[in-house]
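Below is one structure, written out as structure tokens, with a few remarks after it.
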Amino acid sequence: WRVFGIYYNDDRGVIKTDNRSAAVRAKDLGGIDILTYGGHYIQAIPTSAGTFDLLGWGALQAGRWGSLTQRSGAGAVETGFQPKIAKALRPWLRGGYFYSSGDNNATDNTHGTFFAILPTPRVYARFPFFNEMNNRDLFAELMLRPAKGLTLRSDVHGLWLANKNDLWYSGGGAFQPWTFGFNGRPSNGATGLATLYDISADYQWTRGLSTGLYFGYARGGAVVAHIFPGDSNARLGFIEANYRF
Numbered sequence: 002w003r004v005f006g007i008y009y010n011d012d013r014g015v016i017k018t019d020n021r022s023a024a025v026r027a028k029d030l031g032g033i034d035i036l037t038y039g040g041h042y043i044q045a046i047p048t049s050a051g052t053f054d055l056l057g058w059g060a061l062q063a064g065r066w067g068s069l070t071q072r073s074g075a076g077a078v079e080t081g082f083q084p085k086i087a088k089a090l091r092p093w094l095r096g097g098y099f100y101s102s103g104d105n106n107a108t109d110n111t112h113g114t115f116f117a118i119l120p121t122p123r124v125y126a127r128f129p130f131f132n133e134m135n136n137r138d139l140f141a142e143l144m145l146r147p148a149k150g151l152t153l154r155s156d157v158h159g160l161w162l163a164n165k166n167d168l169w170y171s172g173g174g175a176f177q178p179w180t181f182g183f184n185g186r187p188s189n190g191a192t193g194l195a196t197l198y199d200i201s202a203d204y205q206w207t208r209g210l211s212t213g214l215y216f217g218y219a220r221g222g223a224v225v226a227h228i229f230p231g232d233s234n235a236r237l238g239f240i241e242a243n244y245r246f
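Per the working numbering, the sequence shown starts with residue 2, numbered consecutively.
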């Protein structure tokens, strides 16, 4: 079990990204003061067939978003199974659902979009065209570990906006004084964002050195198709090397 509370303050006076009109946002340079509070529960359950795991996580937010009152929330449930069969591959099957609230009304006095504060987007989205704001993410995952240090992983994510009256958000938060750090694009009244298919291979050579290969393909939904009618699909591939001191 864990319970947590995080206080976030941003008084830079930059224009905030939300679903209000540009003229309204330009006049509201008030700071952000948000308290995020919640908890999680994680459990592993060994059985004769293998090990099941469960995860539950939830958070609520309250405070001020400039001149608006912040009221938002998010939650996730995940489960997994590591069967004792196919020991040479050490498979791990996982699945789950994530939800973060969006703002339903751009003209009232409440900001209902869950604010991701200062995330590391790639931890949650290895193809980071989305984040934890106004998002619904239904996923399935297969992980194989056929050799010591080698991990193969493939995910499928169904992605939707939580609220069609809010934006499609991306970005990882404040990273320089003059930029808000989150981008938002109009939903055009749609909620279907994308279906993401990806695969990766990571190898731990030594305690400090690892390499990785990744490829992801995103088939754009109605939200993306309205913005990019010519080609709403996207691809991302990379190879990386990491050394930890």
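Cβ atoms here follow ideal geometry from the backbone N, Cα and C, with glycine treated the same way.
A27: member of the alpha helix (DSSP H) spanning A23 to K28, first to last residue. Here G172 is buried: its Cβ has 16 or more other Cβ atoms, across all protein chains shown, within 10 Å.
Using a Cβ distance threshold of 7 angstroms, V78 and G96 do not count as a contacting pair. By DSSP's assignment, V4 forms a beta bridge with G40. Within the DSSP bridge table, the entry for I33 names D11 and W66 as partners. With a beta-carbon spacing of about 7 angstroms, E142 and R154 fall inside the 8 angstroms limit used to define contacts. With a cutoff of 7 angstroms on beta-carbon distance, L119 and L162 are scored as not near each other. W66 counts as buried, since no fewer than 16 other beta carbons sit within 10 angstroms of its beta carbon. Counting the other Cβ atoms within 10 Å of the Cβ of D104 gives 16 or more, which makes it buried. Every unbroken stretch of the beta strand (DSSP E) spanning 3 or more residues and falling wholly within the region 158-226 is given here in chain order: 168-172, 183-187, 193-205 and 210-221. Cβ-Cβ separation between R21 and A107: approximately 5 angstroms, consistent with a contact (criterion under 8 angstroms).
Residue pairing for N105: DSSP places it in no beta bridge. Note: M144 is bridge-paired with W93 and R154 in the DSSP secondary-structure output.
Residue range P122 to Y125 is occupied by the alpha helix (DSSP H) that includes R123. Straight across, the Cα-Cα distance linking Y204 with Q71 is about 43 angstroms. In this chain, the beta strand (DSSP E) harbouring N243 covers A235 to Y244. No Cβ-Cβ contact shorter than 7 angstroms links S102 with G76.
CA-CA distance, P147 to R186, rounds to 41 angstroms. Under the three-state reduction of DSSP, I228 is assigned to helix. In the three-state reduction of the DSSP assignment, T52 falls in the strand class, which pools E and B.
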